[in-house]
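Engineer: The structure that follows is given in the form of structure tokens.
In this note's numbering, the protein residues as written are 112 to 770.
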């Protein structure tokens with residue numbers, strides 16, 4: 112569809128400098144680097160109000176006498192920008208690796224700057240190596256301070272002066288996150304973007320790769336705090352809105368917490384609901400909704416409790432008697448078994464004694480027989496003949512009576528032993544039915560005890576199960592009540608959140624005038640850089656800062672994204688010149704991407720800044736840009752070209768050597 116032509120020609124870029132303003136309120140007049148205090152000066156760069164170009168020729172833009180083609184990268188352009196930031200209050204001037212290399216090359220090296228703040232020259236000296244002397248003195252002489260070894264003041268006096276004079280305490284309170292935090296370092300991060308951010312997004316200010324140690328919200332993954340800080344510096348936010356936003360954020364957190372709580376309660380309640388349906392026997396049946404469902408559950412559990420109460424309880428006294436009888440039966444069985452075991456061990460021993468006694472009978476019987484007809488033990492002649500022949504060899508003879516008495520006694524002992532064994536065996540045989548009867552009594556007593564305990568346990572289990580179901584129903588009721596209360600609270604929180612968001616939308620609408628002024632400058636700059644048919648817009652939409660560029664349709668290429676960021680920064684610079692922000696009219700762009708922008712737009716950027724000098728008359732801003740691309744011929748000279756650096760040889764680099 113063809114675009115509709117504007118009735119009136121779009122306005123060109125214009126500036127209204129406040130009366131009495133005779134220059135930028137903040138700018139850097141000079142940057143110098145020394146090998147050591149009072150030592151050789153490595154660099155001494157004079158800067159000016161208005162456009163300042165730091166150029167590092169690349170390729171055929173600079174060919175040495177020997178015909179060697181130079182490279183524009185690695186010359187020190189980015190380090191130059193970071194040293195400016197360092198002298199304006201940033202904590203570090205490079206990443207850790209580069210700081211170590213510079214410290215090794217210049218252990219006592221220092222960098223200094225003359226910073227002009229409301230026509231007062233601040234002399235700033237900061238260390239590059241192992242020294243720890245940081246000095247910032249108003250109306251100071253930079254060379255004298257750099258050459259001396261006076262007291263340390265830190266960089267804080269300058270930061271506080273800028274914050275008090277330009278940012279103002281009220282805006283600082285809106286832009287920072289912590290009460291003891293300074294707002295100027297946050298603004299400085301915006302005004303001196305990292306080259307690593309590549310001008311990809313209007314809210315990308317500091318890259319972790321730069322090692323700048325910029326405070327929140329100047330760095331970090333969340334862009335919301337940076338957006339609010341940007342609005343504070345542009346006077347596009349009020350304390351009332353900030354409080355409303357904090358309230359909205361708190362409500363958002365409460366809503367999220369309530370949603371999680373409601374979700375958990377729904378899960379827990381649903382789990383208990385399904386379990387009660389199954390345990391109470393309602394599976395597969397149609398059950399009513401709450402509160403009738405709760406009544407159904409309670410009625411079912413009351414019936415379970417009543418049924419459990421009707422079960423026999425198992426008499427405690429009867430159980431005690433049964434357990435006593437079981438103990439007595441077990442004691443009787445124990446005694447019987449002990450006696451049986453004793454007898455089974457004693458009978459073999461007694462039989463062994465009987466065998467020993469029986470083994471003596473033959474010798475005793477033979478002795479008795481020999482006593483009746485005795486023979487001389489020496490000559491084996493019958494005693495009668497030996498006596499008749501008057502043999503005197505042996506006169507001691509066996510007493511037959513005694514021998515027969517010993518034999519009779521042994522036979523009596525054997526008889527007694529047999530009787531003893533017979534008694535023991537008879538007792539053992541008699542114990543067998545007694546032991547069987549004792550075991551039978553034990554088994555009967557155990558069955559009786561088990562039966563009484565089973566009755567008691569059955570009732571107890573049924574009662575406990577019914578009680579647990581009752582408790583489960585009551586917990587289900589509590590969860591239902593808690594869920595309803597959380598849902599009610601969640602609805603109230605959502606209503607309050609909606610109202611807070613409506614208030615925030617109303618605040619944003621009130622800031623439409625501010626963003627209208629930004630859009631006017633932004634669109635005029637887009638037309639100046641691209642063509643007269645282009646236009647742009649800046650809008651605060653919800654929680655986003657939206658930049659659009661229309662060049663025969665909405666464009667969203669990489670070149671346009673870089674152009675948006677550059678044009679937005681320049682539009683805010685114009686507002687700062689007019690005194691419509693709480694930012695100084697100071698801006699540093701480190702190597703915008705000419706490859707994305709195109710050489711024609713890149714050249715127009717330089718010429719636009721020269722035109723701004725002429726429009727302000729008093730040159731009420733300072734714009735520092737570094738580039739490897741060849742600047743326009745009419746600007747590649749004094750006073751705009753302030754410094755030319757080369758990637759090789761070493762003395763042509765910023766630090767005058769290869770690091």
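C-beta: ideal position from N, C-alpha, C; glycine also. Computed from a predicted structure; not experimentally measured.
Would you call the CB atoms of residue 162 and residue 720 closer than 7 Å?
Structural biologist: Yes, the pair counts as a contact, with Cβ atoms nearer than the cut-off.
Engineer: Taking the C-alpha atoms as reference points, what is the distance between residue 640 and residue 676?
Structural biologist: Rounded to the nearest angstrom, the two C-alpha atoms are 13 Å apart.
Engineer: Is residue 184 near the ligand ZN, going by C-beta to nearest heavy atom under 6 Å?
Structural biologist: This structure simply doesn't include the ligand ZN, nor any ligand for that matter.
Engineer: Report the residue ranges of all alpha helix (DSSP H) runs contained in full by the region 616-694; include only those spanning at least 4 residues, in chain order.
Structural biologist: DSSP runs (the alpha helix (DSSP H)) wholly in the region 616-694: 623-640, 669-688.
Engineer: My output table needs one value for residue 603: the three-state DSSP class, helix, strand or coil.
Structural biologist: Three-state DSSP puts residue 603 in a helix.
Engineer: Just tell me which of 739, 298, 610, 553 has its CA closest to the CA of residue 439.
Structural biologist: Nearest C-alpha to residue 439: 553.
Engineer: Could you spell out where the beta strand (DSSP E) holding residue 733 opens and where it closes?
Structural biologist: Counting along the chain, the beta strand (DSSP E) containing residue 733 begins and ends at 733-738.
Engineer: To the nearest angstrom, how far is the alpha carbon of residue 615 from that of residue 325?
Structural biologist: Their Cα atoms are separated by approximately 29 Å.
Engineer: Following the continuous alpha helix (DSSP H) through residue 267, name the residue where it begins and the one where it ends.
Structural biologist: 267-273 is the extent of the alpha helix (DSSP H) around residue 267.
Engineer: Output the distance between the C-alpha atoms of residue 207 and residue 678, rounded to the nearest integer angstrom.
Structural biologist: Near 32 Å, if we compare the C-alpha coordinates of residue 678 and residue 207.
Engineer: In chain order, what residues of the same chain lie with their CB nearer than 8 Å to the CB of residue 241, ignoring the 5 residues before and after it?
Structural biologist: 214, 218, 219.
Engineer: On the DSSP letters alone, give me the boundaries of the alpha helix (DSSP H) that residue 442 sits inside.
Structural biologist: It spans 427-469 - the alpha helix (DSSP H) in which residue 442 sits, taken as one unbroken run.
Engineer: Taking Cβ positions, are residue 608 and residue 231 nearer each other than 7 Å?
Structural biologist: No, they are not a contact pair.
Engineer: Compute the beta-carbon to beta-carbon distance between residue 225 and residue 140, rounded to the nearest angstrom, for a pair I have assumed lies under 8 Å.
Structural biologist: Confirmed, about 4 Å.
Engineer: Considering Cα atoms alone, identify which of 216, 657, 511, 351 is closest to residue 621.
Structural biologist: When only C-alpha atoms are compared, the closest one is 351.
Engineer: So, for residue 751: in the same chain, excluding its five sequence neighbours on each side, which residues have a beta-carbon less than 6 Å away from its beta-carbon?
Structural biologist: Closer than 6 Å at Cβ, skipping near neighbours: 162, 164.
Engineer: Pull up the DSSP beta-bridge partners for residue 303, would you.
Structural biologist: The partner list for residue 303 (beta bridge, DSSP) reads 699.
Engineer: Report buried or exposed for residue 167, applying the criterion of at least 16 other Cβ atoms within 10 angstroms of its Cβ.
Structural biologist: The residue is buried, with at least 16 neighbouring Cβ atoms inside 10 Å.
Engineer: Using three-state DSSP, classify residue 176 as helix, strand or coil.
Structural biologist: Note that residue 176 has pLDDT 42, beneath the 50 cutoff, so the model's placement of it is unreliable and no number is given.
Engineer: Determine the contact status of residue 422 and residue 560, defining contact as a CB-CB distance below 7 Å.
Structural biologist: Contact: no.
Engineer: Answer with buried or exposed for residue 125, where buried requires no fewer than 16 other C-beta atoms within 10 angstroms of its C-beta.
Structural biologist: The residue is exposed, with fewer than 16 neighbouring Cβ atoms inside 10 Å.
Engineer: Determine the DSSP secondary structure at residue 161, reduced to helix, strand or coil.
Structural biologist: If DSSP states are grouped into helix, strand and coil, residue 161 belongs with the strands.
Engineer: Round the Cβ separation of residue 248 and residue 693 to the nearest angstrom and send it over; I've been treating them as touching at under 8 Å.
Structural biologist: Residue 248 to residue 693, Cβ: 25 Å. No contact.
Engineer: Taking the beta strand (DSSP E) that residue 225 falls in, what are its first and last residues?
Structural biologist: Unbroken beta strand (DSSP E) run through residue 225: 221-228.
Engineer: Alpha carbon to alpha carbon, how far is residue 300 from residue 317?
Structural biologist: Computed Cα separation, rounded: 7 Å.
Engineer: For residue 374, count neighbouring C-beta atoms within 10 Å of its own C-beta (all shown protein chains included) and say buried if the count is 16 or more, exposed if not.
Structural biologist: Exposed is the call here.
Engineer: Determine the contact status of residue 293 and residue 274, defining contact as a CB-CB distance below 7 Å.
Structural biologist: Yes. Within cutoff.
Engineer: From residue 177 to residue 759, what does the alpha carbon distance come to, in whole angstroms?
Structural biologist: The predicted position of residue 177 is uncertain, since its pLDDT is 48 and thus under 50; a value taken from the coordinates is nonetheless stated next. Rounded to whole angstroms, residue 177 to residue 759 spans 13 Å at the Cα level.
Engineer: Kindly identify the DSSP beta-bridge partner or partners of residue 232.
Structural biologist: Beta-bridge pairing links residue 232 to 227.
Engineer: If we count Cβ pairs, one from each stretch, closer than 8 Å, do we get three or more for the region 654-662 versus the region 684-703?
Structural biologist: At 8 Å Cβ cutoff, the stretches do not touch.
Engineer: Can you list, in chain order, the residues of its chain with a C-beta nearer than 6 Å to that of residue 704? Leave out the 5 residues immediately preceding and following it.
Structural biologist: The residues are 673.
Engineer: With C-beta atoms as the reference, is residue 286 less than 7 Å away from residue 297?
Structural biologist: Yes.
Engineer: On the three-pair Cβ rule with 8 Å, is the region 727-742 touching the region 129-145?
Structural biologist: As far as the Cβ criterion goes, the region 727-742 touches the region 129-145, which means the pair count is three or higher.
Engineer: Using only the alpha-carbon positions, how far apart do residue 223 and residue 769 sit?
Structural biologist: In a straight line, the C-alpha of residue 223 is about 21 Å away from that of residue 769.
Engineer: Under the three-state reduction of DSSP, which class applies to residue 102: helix, strand or coil?
Structural biologist: No answer is possible for residue 102: the residues shown for the chain start at 112 and end at 770.
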